[in-house]
Each structure stands twice: as C-alpha cells, then as structure tokens.
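Protein chains in written order, with this note's numbering: chain A, 1 to 160; chain B, 1 to 195. From the three backbone atoms N, C-alpha and C, an ideal C-beta is built for every residue, glycine too. Every value quoted in this text rests on a predicted model; they were computed, and no experiment measured them. Below: the structure, in structure tokens.
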Amino acid sequence: MDRNQLQRQVALMRSSLIEQVPNPSLPSLKLLVGYLDEQQFLQLEDLQDDVNPNFVEEIVTLFYKDSARLFHNIEQALKSRPVDFAKLDNYMHQFRGSTSSIGAIKVKNECNQFKEFCLAGNAEGCARAFQKVKQEHETLRTQLETYFKLRRQAGLAETV
Amino acid sequence: MGMAAEDQFHVLAVDDSIIDRKLIETLLKISSYQVTAVDSGSKALEFLGLHEEDEQSDANIPSVSPSNHHQVLEVNLIITDYCMPGMTGYDLLRKIKESKSLKDIPVVIMSSENEPSRINRCLEDGAQEFFLKPVQLSDVNKLRPHLLKGSSKGNQHTINKTDEATMEQENQSTERQRNILYHDLEVVQLEFDNL
C-alpha cells in the first residue's frame with residue numbers, strides 16, 4: 001500500500017472512530033462507531049505539530065497507564081467488605097475525568113452507569129457496570145492501537 | 001541573563017490527574033507560555049515559596065520566606081483543578097488570595113463539574129476565570145488579558161528578586177514599540193484617507 005493510500009486509510013479510520021455511522025469502506029476493521037468524541041479528539045490532534053508530533057499517542061498511552069492504576073484501586077474497593085462507595089465513586093470520578101479529556105465517550109458513558117449504581121449503594125450493579133467499563137476500555141485500546149500503527153506506516157508520525 | 005525567558009509568561013498548572021496535567025501543559029506551551037506543572041496544592045504553594053505556616057501576614061516578617069528551594073522563575077498566573085485530594089483548588093485559591101506576597105497573581109479554576117454555586121463561589125473569592133473540563137485552546141486564549149493586566153501594573157510575583165532596572169527598561173522598550181506601531185498605523189490611516 002503506498003503512502004497516499006495509507007494516509008487515506010488513516011483519515012477514514014479516524015472519521016470512523018468519531019462518527020456515529022459505520023464506514024462501509026473498512027470491512028476489515030471492526031465497526032468503529034462513535035467511540036470518540038469528535039470535538040475533543042480532533043482538538044487533541046490539532047495540538048500536534050512539529051514540536052509535538054505524537055501528542056495524541058502519548059496522551060493515550062498515559063491514559064492507559066493511569067487507568068491500570070485506577071482499575072486496580074476500583075477492583076480492590078469492590079472486593080472489600082463493607083464496600084466503600086465513597087471511595088469507589090472517587091476512583092471512578094478520576095477515571096471518568098481522564099476519559100473525558102481524551103474524548104472516549106463510550107467508556108465515559110459506562111462510567112456514568114457505574115456512578116448510578118454507586119450512588120444507589122448497589123455493589124453488584126457496580127461490579128457489572130465496571131465489567132462494561134473495562135470492555136469498552138479494551139475495545140477502544142485496540143482501535144486506537146491500530147489507528148496509531150496506520151499513522152506511523154503512513155509516515156504521519158515521527159519514527160522514534 | 002535569561003532575558004528570553006523573561007519575555008514569556010510563566011504559568012503554574014496544578015492538577016492531580018496526570019492526563020490533565022499533560023493536556024494543560026501542552027495547551028499552554030502551544031500558546032507560548034512557560035509552564036510548571038505540579039500535582040497538588042501543597043506542591044504549588046511550595047513552588048511559590050509559601051509554606052503553610054507563613055500564610056499569616058505579619059508586617060515584621062518578610063512576606064516570602066527565603067526557602068531552600070531552587071526556583072527562580074516568577075509566576076504570572078496559576079491555573080488549578082478544583083477537585084483534588086487534600087487541598088482542593090478552592091482551598092488553594094483562598095490561600096493564595098490571603099497571602100500578602102501571592103494575592104495579586106491571577107488564579108483560574110478548572111473543573112469537570114458544571115456547578116453554578118461552585119463556579120460563583122470561586123469567582124467571588126478571587127478567581128479570574130472558571131474553565132469547564134476538558135479545557136480547550138479557546139479557553140487558554142482567554143488567559144492573556146489577565147496576564148497583560150497584571151504585568152502593566154507591575155504585579156508580577158518574584159520569588160527571588162530579579163533585576164528591577166532591567167525589567168523597567170524592557171517595559172519602556174515595549175512601550176516604545178507600541179508607540180511606534182500606533183504611529184505607523186496612523187500613517188497608514190492618513191495615506192488611506194488621502195486616496
């Protein structure tokens with residue numbers, strides 16, 4: 001695949017990640033429907049320049065590293081008896097903030113579900129909601145990894 | 001020396017989230033600010049040279065205690081997250097406004113919660129702006145007037161004494177440049193009128 005084609009693929013994938021409508025020209029990729037908030041993700045991409053060519057990938061990497069820490073805390077809090085809902089809410093609030101900053105709307109929506117159960121003091125509901133959070137989180141990771149790989153191949157990123 | 005650094009405004013960013021710190025740092029740097037980012041209110045106060053014991057202003061005690069830290073940069077603006085463990089952004093705002101040495105530094109609060117009572121309280125207690133997260137470049141663009149206002153009044157806070165004479169010279173040359181610019185604009189206007 002030549003460079004132009006790669007760049008076109010990158011653009012298509014990006015719009016797929018953002019838009020609510022599945023893109024039929026990318027049958028090989030899983031349907032990427034509305035994973036990312038358009039405004040926020042594009043804002044992040046706009047911050048990339050010659051000085052900072054991989055900003056989005058860097059911040060996403062940071063996000064996944066930090067969420068591992070928060071997930072661990074949430075898991076511990078869910079296991080403890082009695083369940084400390086204030087703590088759970090606090091951890092999830094932190095995580096939700098990060099999802100908002102990178103524009104991960106699907107993950108953020110699952111966080112909102114979690115919050116509902118937390119406020120209701122429903123530990124089982126929290127645990128189920130947390131599974132969904134983790135699922136969406138993982139799915140997004142895969143999509144983003146592919147996206148960044150394509151970018152690199154298309155020569156849109158600085159090779160380290 | 002270090003004149004190039006003096007041309008840039010220096011912003012102290014405070015946020016316990018590592019992602020948000022990176023984001024605000026990038027937004028500020030892109031807008032040509034010098035940035036120091038810390039992860040807590042207490043670290044912010046430490047950086048500003050204010051220790052918790054010094055918050056009471058006493059005429060006999062120097063308002064900035066010469067601490068053993070090595071920071072020599074002046075801080076022109078503080079931008080802080082609201083929700084932080086320990087000292088909240090609001091607590092930090094209060095401490096800064098109550099401090100004789102720091103009260104004139106403009107403070108901006110950021111928060112993911114759109115709570116009118118929270119926003120009003122911060123603004124009433126001295127915050128210049130309140131940004132909803134995620135912070136955008138358009139928000140950061142709103143900072144400049146607050147910084148320019150501060151500098152023309154000479155209200156920059158210096159942690160270690162800088163060369164005031166040199167600063168005065170710089171202010172004058174900026175004045176001169178501005179006057180030249182206005183003069184040129186007038187000339188252009190006249191030419192235009194004469195067409």
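If you draw a straight line from the Cα of R144/B to the Cα of G103/A, it comes to about 26 Å. The shortest C-alpha to C-alpha distance from S16/A to any of C111/A, G34/A and V60/A is the one to G34/A. In the three-state scheme derived from DSSP, where H, G and I count as helix and E and B as strand, I105/B is classed as coil. Taking the C-beta atoms as reference points, L77/B is found nearer than 7 Å to V11/B. Exposed is the label assigned to K142/B, since fewer than 16 other Cβ atoms lie within 10 Å of its Cβ. Contact of S112/B with chain A by beta-carbon distance below 7 Å involves G97 and S100. In the structure shown, S111/B falls within a strand segment according to DSSP collapsed to helix, strand and coil. Cβ atoms of A44/B and R21/B stay farther apart than 8 Å, at about 12 Å.
The beta carbon of I19/B sits closer than 7 Å to some beta carbon of chain A. Looking at the backbone, the Cα of T88/B and that of V135/B are separated by about 18 Å. The alpha carbon of F47/B has as its nearest neighbour, out of I96/B, D81/B and C83/B, the alpha carbon of I96/B. Setting aside the 5 residues that flank it on each side, F131/B is surrounded in the same chain by M110 and D139, each with a C-beta closer than 6 Å to its C-beta; the list follows chain order. DSSP places F130/B in the strand class (E or B) of the three-state scheme.
E110/A and V133/A do touch by the CB rule: their CB atoms are close to 4 Å apart, below 8 Å. Note on L36/A: 16 or more other CB atoms within 10 angstroms of its CB, so buried under the neighbour-count rule.
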